[in-house]
Amino acid sequence: MISKNKIKLIRSLEQKKYRKESQLFVAEGHKLVEELLPAFECMYIAARREWLERRYQHVTGNLCENAEIQEVSAEELQKASLQRNPQDVLALFRQRTDRPVSGSILQNQLSLGLDGVQDPGNLGTIIRLADWFGIEHLFCSPDTADLYNPKTVQATMGAMARVKVHYLDLKAWLQTVDPQTPIYGTLLDGENIYDRPLTPHGLVLMGNEGNGIRPDTAAFINRRLLIPNYPSGRATSESLNVAIATAIVCAEFRRQASMF
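Going by the working numbering, the first residue of the sequence shown is number 104, and it counts up by one from there.
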C-alpha cells in the first residue's frame with residue numbers, strides 16, 4: 104500500500120518549488136520508466152504485479168541503494184498518479200546535476216537553443232524531436248519550461264534519457280561563443296530555409312510561443328531563416344507552433360547533411 108506521505112510527496116512534485124527542494128521528478132508508464140532507468144537514479148517504484156513479474160530483472164541494476172519497490176493495485180496507483188488514466192508503473196527519479204557546457208561544442212555538432220519556450224508539452228516534444236534527429240544538447244533560457252515538469256517528462260517519451268538540457272543565461276553564454284560559429288534563427292525577415300545551405304554544426308535558436316526570439320538573443324543570429332508558407336502570398340495562419348517549426352527546421356538540416 105502506498106503511504107499517505109508518499110502520495111503527498113508524489114503529488115507535490117507537480118509544483119516546481121517542491122521538485123527543486125527534493126531534486127526528484129515523477130515518471131509514469133512502462134515505456135517511459137524503462138527508458139529512464141538506465142539514465143537516471145531511481146528512488147522509488149510503485150507497480151502492478153504484472154509489470155514487476157515482466158520487468159523486475161531488467162530494472163534492479165538501475166536502482167539506488169535504498170530504493171523502495173512496492174507492488175500495488177490499480178486502485179492504489181490511481182490514488183498516487185498524476186495522470187487521468189495511470190498505467191502499470193510509477194517511479195520517482197533523482198534529477199541530473201546540470202554541468203556547464205562550453206560554447207565550443209557548437210563547432211562540431213548541431214544543437215538547439217530555446218528562448219522562453221514556456222509550454223511544457225512543447226518542450227517535451229522538442230526534446231523528443233532532438234532525440235530523433237540526433238541532437239544531443241538543448242540550451243534553454245531560465246524562463247523556458249521546466250524539464251522535470253510531469254507534462255514535459257511525459258511528452259519526451261523517454262528522449263530526455265539521451266538529450267541533455269541545460270538552463271543558462273543565453274545572452275551571456277552566446278557572448279562566449281566564437282563569432283564565426285553558425286547561429287541560426289527562424290525570423291520573418293529570414294531567407295527561405297529550402298534555398299539556404301545549412302551547416303551540420305552550430306546552434307538553432309527557437310523562440311517563445313507568442314513573442315518569438317528576444318531581441319537581445321536574436322542579436323547573436325548570423326544566419327536568419329524563414330519557413331515559407333505555401334503558396335507564397337496566400338492568407339494563412341499567423342505562425343507555426345514552436346515544436347512543429349522545430350521539426351521542420353531539424354528535418355531540413357538533416358536532409359541537407361545527408362546529401363554530403
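C-beta atoms are modelled at their ideal positions from N, C-alpha and C, and glycine is treated no differently.
Original post:
Taking the C-alpha atoms as reference points, what is the distance between residue 106 and residue 151?
Top reply: Taking the sequence shown and counting its residues from 1, one reaches residue 106 at position 3. Taking the sequence shown and counting its residues from 1, one reaches residue 151 at position 48. Roughly 16 Å separates the two Cα atoms.
Subject >> Minimum C-alpha distance to residue 134 - residue among 211, 210 and 258 >> reply: Reading the sequence shown from its first residue, position 31 is the one you call residue 134. Comparing Cα-Cα distances from residue 134 to each of 211, 210 and 258, the minimum goes to 258.
**OP:** On the DSSP bridge assignment, give the partners of residue 289 in chain order.
**Re:** Translated into positions along the sequence shown, residue 289 becomes position 186. Partner(s): 328.
**OP:** Reducing DSSP to helix, strand and coil, say where residue 234 ends up.
**Re:** By 1-based counting over the sequence shown, the position of residue 234 is 131. Helix.
**OP:** Give the straight-line distance between the Cα atoms of residue 289 and residue 308, rounded to the nearest whole angstrom.
**Re:** Walking along the sequence shown from the start, residue 289 turns up at place 186. Walking along the sequence shown from the start, residue 308 turns up at place 205. Computed Cα separation, rounded: 7 Å.
Subject >> N- and C-terminal bounds of the beta strand (DSSP E) containing residue 306 >> reply: The sequence position of residue 306 within the sequence shown is 203, counting from 1. Segment 305–310, the beta strand (DSSP E) holding residue 306.
**OP:** Only counting runs of 4 or more residues, tell me where the alpha helix (DSSP H) segments fall wholly within the region 246–277, in order along the chain.
**Re:** Qualifying alpha helix (DSSP H) stretches, in chain order: 253–259 and 273–277.
Original post:
Looking at the structure shown, is residue 105 part of a helix, part of a strand, or coil, going by DSSP?
Top reply: Indexing the sequence shown from 1 puts residue 105 at position 2. Coil at residue 105, not helix or strand.
**OP:** Measure the CB-CB distance between residue 122 and residue 198 and report whether it falls below 9 Å.
**Re:** In the sequence shown, residue 122 corresponds to position 19, counting from 1. In the sequence shown, residue 198 corresponds to position 95, counting from 1. Their beta carbons are under 9 Å apart, which means residue 122 touches residue 198 by this criterion.
Original post:
For residue 287, does the count of other Cβ atoms within 10 angstroms reach 16, so buried, or fall short, so exposed?
Top reply: The residue you call residue 287 lines up with position 184 of the sequence shown. By the neighbour-count definition (other C-beta atoms within 10 Å, threshold 16), residue 287 is a buried residue.
Original post:
Should residue 337 go down as buried or exposed, given a rule of 16 or more other Cβ atoms within 10 Å for buried?
Top reply: The residue labelled residue 337 in the question sits at position 234 within the sequence shown. Label assigned to residue 337: exposed.
Subject >> Limits of the alpha helix (DSSP H) - the one that residue 181 falls within >> reply: Here residue 181 corresponds to residue number 78 of the sequence shown, with the count starting at 1. Bounds of the alpha helix (DSSP H) holding residue 181 are 177–183.
Subject >> At least 3 beta-carbon pairs within less than 8 Å: the region 235–254 vs the region 262–273 >> reply: With the cut-off at 8 Å, the region 235–254 and the region 262–273 touch.
Original post:
Just reading off the beta strand (DSSP E) that residue 323 is part of, what are its end residues?
Top reply: As a first step, residue 323 is located in the sequence shown; it is residue number 220 there, counting from the start. Looking at the DSSP string, residue 323 is not in any beta strand (DSSP E), and its letter there is neither H nor E.
Original post:
Is it right to say residue 252 is buried, meaning 16 or more other beta carbons lie within 10 angstroms of its own, or is it exposed?
Top reply: Position 149 of the sequence shown, counted from the first residue, corresponds to residue 252. When all chains shown are included, residue 252 counts as buried.
Original post:
Bridge partners of residue 240, per DSSP?
Top reply: Your numbering for residue 240 matches position 137 in the sequence shown. DSSP, once it has assigned bridges, lists 267 as partnering residue 240.
Original post:
Hey, how far is the Cα of residue 342 from the Cα of residue 131?
Top reply: Numbered from its first residue, the sequence shown carries residue 342 at position 239. Numbered from its first residue, the sequence shown carries residue 131 at position 28. Taking the straight line from one Cα to the other gives about 33 Å.
Original post:
Should the region 339–356 be called in touch with the region 225–236, which here means at least 3 C-beta pairs below 8 Å?
Top reply: Verdict: yes, contact present.
Original post:
Is residue 193 helix, strand or coil when you go by DSSP?
Top reply: Numbered from its first residue, the sequence shown carries residue 193 at position 90. Secondary structure of residue 193 (DSSP, three-state): strand.
Original post:
Going along the chain, which unbroken runs of the beta strand (DSSP E) with 3 or more residues stay wholly within the region 120–154?
Top reply: List check, beta strand (DSSP E) in window: 127–131 and 145–150.
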